[in-house]
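All remarks here apply to the structure that follows.
Numbering (our numbering), first residue to last: 79 to 158.
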């Protein structure tokens, strides 16, 4: 998830819900007729990238970032 202004709000809400559920000692809760679940969150930080701008002509930076994320996730699961 790219942390643009709308996504930052969604990330903040998910973090708040996770913290509330953690304080309650549960993974889900029903409040006001709605059920809330804990959401797994993991932030991947860009490494060695020059630009993260979106270009319709050349998407090599985005592809490389995606590949780095896959490698980081694979390394995370190999060590676990």
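Just so it is clear, CB atoms sit at the ideal spot from N, CA and C, and this is done for glycine as well. Since we're looking at a predicted model, the values are computed, not measured.
Counting along the chain, residue 107 sits inside the beta strand (DSSP E) bounded by residues 106-109.
Put simply, the backbone Cα of residue 114 is about 19 Å away from that of residue 85.
Residue 107 places its beta carbon less than 8 Å from that of residue 99.
The shortest CA-to-CA distance from residue 117 to any of 90, 150 and 148 is the one to 90. Residue 147 has its alpha-carbon roughly 23 Å from the corresponding atom of residue 96.
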